[in-house]
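The structure appears below as structure tokens.
Protein chains in written order, with our numbering: chain G, 3 to 583; chain S, 79 to 462; chain X, 16 to 307.
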């Protein structure tokens, strides 16, 4: 840096106008009327993720070839990447900005790859040291309960999980078939949590063998018993012979028990349970027909599920509603009515309306009712309010009873694995605040991803690291000039003929090279990934590269505020604000 | 070694002997034989010089500015329109303090087209910051080029050496040509003060604001003010080495005279004969040859004209609206003096019209007979 | 993620006086990264007579010779001769001239130098007007554009001079177009030019925020649209005859390029159509030349 020259006169000057110094003293930063700054913002995928994953961050790790780093990053928020990578309904992909350009990133496959890769590392998981004296009881070892257990044990609490069934896992164990979620993956991810120091006691149903009084030694209780009661159809004949309950059937199959069914099976319902039932019975060599009272567009089951089911030979009949189940010789005779769609109901879907005089009959060997699940409230302690099928809680999961929290399917109509995991995490934070006398509402507010409701517990623990502006980056805020159009990669599925012979996993994960290719497609919305456009295009060499990877700084001494860096950042990781004077 | 050569050939010899590194020139009558001669010499390997055969005179001077900034010894030659074309770059060369030497063959500027002797071209450039020398004969041409490099490289200003079209450029005269061994000790290798160097990068000819520009120009003026002393030293050294010296001016004729005739270029030669004749007839006449025009040799002239009452100036040039330029500069140089003789400004010989002994005599007669000039401009030989 | 291979040297420096968002500053910075510090750059009059700063400060870290407006080709010829005589055959001599100093007042000296195949890299920093003197038209100004000497009521009537064709017809060893939105391409061409002897000509399109009436942050975007709309195709010509086009697969109509610039905001639909026609014709013409 040269200081300014001062000449007393001609005698001190050279004879020609030859330069004597540089312009480093001229702080052109004073020209600025607007000021660029690096600011990571929230990508829409993370904002949509009910778990609260930092999706862009783990994908960046993948692009760097650091799969173990990606694994560790996911594990900050989500104990179940192998599970989510297989069964999550991936709302992240629906919100992925790339869908407005060509096709969204196959985020779930990337998550799955990282989990499968880590499983091959055979890393030993150490028990969390320094356990606090507070004890916490968790009722239910489903995804909500185990997620809560995971985060609490990492916060050094003494956690015990009570599970009514003989095996841990909740709906993941008994509801989702192995061809979607192999049992060894489930076992592995549960044991990863247990290894941290969580105790699971199975075979202890709440309400029967376990009363609230016996949990007096615990400073907090989290109830996450889920929805394991099947909803009835309230039609004549639904309790008859050869009419089964979908959830019960799946439980039997998933626990390896024998089932007795006829050849031709009618399944009433349109959700994932109905689909799971249909595809399971196909694998038992049966024929399956799903009867659904609305049309395809309203079917709540996941799109992929429906496609795979149809490939496997499941027949689906839309706008059909059984009104009576009768016995005709050895067969079940279903009297059905054709439906048409009327006005929207409270779920936002068009209400099915029977078409008068459209009755017809279907004959099947067995009938399985899979028309939805409900919560079981009989064992719930007094003081917990229930309304319209869910238990009411505060945002943080606290109930009307001090020290008792609830979460998962029990408290929400958004009944997905991801929501459950997110709910467990949020409640873990709430319990931690409760036990430390802190304001959980404030704590949650600080760490919402985007506008919420998901939270990042990493930001709670390390508030100064990886800061993100809650603004969710839109497609319009990106500069797509730097991206070549490319199609998303697809996971391979087994041949239909082979896969319906058993319960082996249908979908194969990506190979490493495909994972890297797909990860490269990620726009990295709102998050700097070191592409260096800012450095290359700055007219004033005012973007300084620092020692850390992916780190750049604006040299405010010289930055003129032209905004080129802001405009050419492909991912909106640079913001502009008015220069204060 | 004495050879009978033209003025243009004498120029070529002067350039070789000065070990010029880069020549850049564009042909124009009557300079052409200079560049042709030099091309031959370079091609035959006798000159280890780059000759940039540019596409115009403006580019010729620009190329030399580039080369001189690059730190090597440069030369060009031109005339008339070529000189006028490079006018912008003449300012640049002096502003950049580059010791370029240029020969200008005095030729009239069109229209009308005219290729013959006329000083208007070089004198039109008198404000460009170039030192100017006017030569009377081919020997002086060669010698002046040698001295020019010494002066230019000391003062750090460019030098113009001027000779008359055809009368000198294409006329053969005997010229003593020194050897390279004799000249080398007289003109040491060029050592630029600020050569281009990628190890020590600098910006040349940068913009300077009003805060500093005045001082840069002041320095040029100060450099010009050093020329009389430096030029005298160089001339004295030249005389002691080669036996020939010229001074800024040369006085001839009667030692104490009432009327002095001031001339430049080849007119001086003719005037010597006329003055000798008139002195022989009893006139009190002397002559002063003005060799150095810029900076104008005010001190030397004032010294030489002591006692004279009238000065007659023959200008082979015209600054329309003012008159002869030598006369104008002379008047200006006398203004602040105690003794101010009358100045008779004669203009003659424009466009190569012969300035005959008769015309010179006519001028002297007029001056002798008139107490003061009846007109500002006295036209010699004009056909009204 | 593929990392850019951009040299780290900063020989333009900072603290210089270029306008915020100056396209030429980006061009210069990238060019010097490719040419390196053993470069002597000649600057005929242009914005760059001002940008580095005024005496005694110059932001450059290489030797720089400011020269008269018309003299780029000539001054550089002299500099090259001097360096060769002094035995420096490593230093690269380059000219950095604007479109004025190349297409118009400097064309003669450039043509003379090219015909002599002088050994330097002549870089024309084309911002399509005399921007340093306040946005007057040059022969590089595109047709229908507004400038201060081609006001909206009578915009520029003639198309842009094809300087690349002119240089190609001098049969110089290498000529290329480049622009800042394609930095790897620009660097590659500069580095390639550096390795060739003789006259090399690089035509850089540098958007000018005040002169084109564009917001400063769009400088790179507009440079990219110039290529995508085929108004400024990227190509190389070797020895005046052999063409190599860097095809941009994402083409857009010229309207996309024109609508972002204030200097074209007065265009009628017919004028835009005419510009599209001309761009298409020139592109076809270029393809034909490439095929021969």
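Note that the Cβ used here is the ideal one computed from N, Cα and C, for glycine as well. This one's a predicted model, so the numbers in the text were calculated from it and none came from an experiment.
Where residue i meets chain G, residues with beta-carbon distance less than 7 Å
i: residue 25(X); result: 543
i: residue 72(X); result: 21, 23, 24, 25
Partners in chain X for residue i, counting only beta-carbon separations shorter than 8 Å
i: residue 99(G); result: The contacting residues do not exist; residue 99(G) stays about 17 Å from chain X at best.
i: residue 167(S); result: 83, 86
i: residue 282(S); result: 78, 79, 80, 81
Expected contact under 8 Å - CB spacing of residue i and residue j to nearest Å
i: residue 82(S); j: residue 252(S); result: 5 Å
i: residue 183(S); j: residue 119(S); result: So it is not a contact: roughly 19 Å between Cβ atoms.
i: residue 45(G); j: residue 527(G); result: 4 Å
i: residue 157(G); j: residue 434(G); result: 5 Å
i: residue 344(S); j: residue 246(S); result: 6 Å
i: residue 152(G); j: residue 136(G); result: Not quite, the Cβ-Cβ distance comes to about 16 Å (not below 8 Å), so this is no contact.
Interface residues of chain G facing residue i [CB-CB closer than 8 Å]
i: residue 296(S); result: 12
i: residue 28(X); result: 24, 25, 26, 543
i: residue 272(S); result: 16, 18, 20
Interface residues of chain X facing residue i [CB-CB closer than 7 Å]
i: residue 128(S); result: 96, 100
i: residue 564(G); result: 35, 36, 231, 232
i: residue 142(S); result: 93
Interface partners of residue i on chain S, CB under 8 Å
i: residue 52(X); result: 276, 279
i: residue 65(X); result: 285
i: residue 208(X); result: Within chain S, no residue comes near residue 208(X); the closest Cβ sits about 18 Å away, beyond 8 Å.
Residue of the options minimising C-alpha distance to residue i
i: residue 484(S); options: 377(S), 427(S), 429(S); result: The shown model of chain S, from 79 to 462, leaves out residue 484(S), and the question about it has no answer.
i: residue 174(G); options: 144(G), 288(G), 203(G); result: 144(G)
i: residue 518(G); options: 491(G), 543(G), 509(G); result: 491(G)
i: residue 468(G); options: 346(G), 553(G), 500(G); result: 553(G)
i: residue 271(G); options: 317(G), 10(G), 288(G), 287(G); result: 317(G)
i: residue 206(X); options: 40(X), 44(X), 185(X), 48(X); result: 48(X)
i: residue 297(S); options: 268(S), 207(S), 330(S), 353(S); result: 207(S)
Buried/exposed call for residue i, threshold 16 Cβ in 10 Å
i: residue 282(S); result: buried
i: residue 257(S); result: exposed
i: residue 90(G); result: buried
i: residue 399(G); result: buried
i: residue 167(X); result: exposed
i: residue 265(G); result: exposed
i: residue 122(S); result: exposed
i: residue 62(G); result: buried
i: residue 427(G); result: buried
i: residue 419(S); result: buried
i: residue 191(S); result: exposed
i: residue 448(S); result: exposed
i: residue 309(G); result: exposed
i: residue 587(G); result: Lying before the first or after the last residue shown, residue 587(G) is absent from chain G, which here runs from 3 to 583.
One or two residues paired with residue i in a DSSP bridge
i: residue 280(S); result: Partner(s): none; residue 280(S) has no beta bridge.
i: residue 196(G); result: None; residue 196(G) has no bridge partner.
i: residue 212(S); result: 240(S)
i: residue 268(G); result: 291(G), 369(G)
i: residue 420(S); result: 388(S)
i: residue 43(G); result: 471(G)
i: residue 298(S); result: BP columns for residue 298(S) are empty, so no partner.
i: residue 429(S); result: Looking at the DSSP assignment, residue 429(S) forms no beta bridge with any residue, so it has no partner.
Chain-ordered chain G contacts of residue i [CB-CB under 9 Å]
i: residue 175(X); result: Those do not exist, as residue 175(X) stays about 24 Å from chain G at its closest Cβ, beyond 9 Å.
i: residue 231(S); result: Here the premise fails: no neighbours, minimum Cβ distance about 13 Å.
Interface residues of chain S facing residue i [CB-CB closer than 7 Å]
i: residue 17(G); result: 175, 234, 297
Closer than 7 Å: residue i CB and nearest the ligand MG heavy atom
i: residue 84(X); result: The ligand content of the structure shown is nil, which means the ligand MG is not present either.
Listed by chain order, chain C residues near residue i by CB distance under 7 Å
i: residue 456(G); result: Judged by its chain identifiers, the structure shown contains no chain C, and its protein chains are G, S and X.
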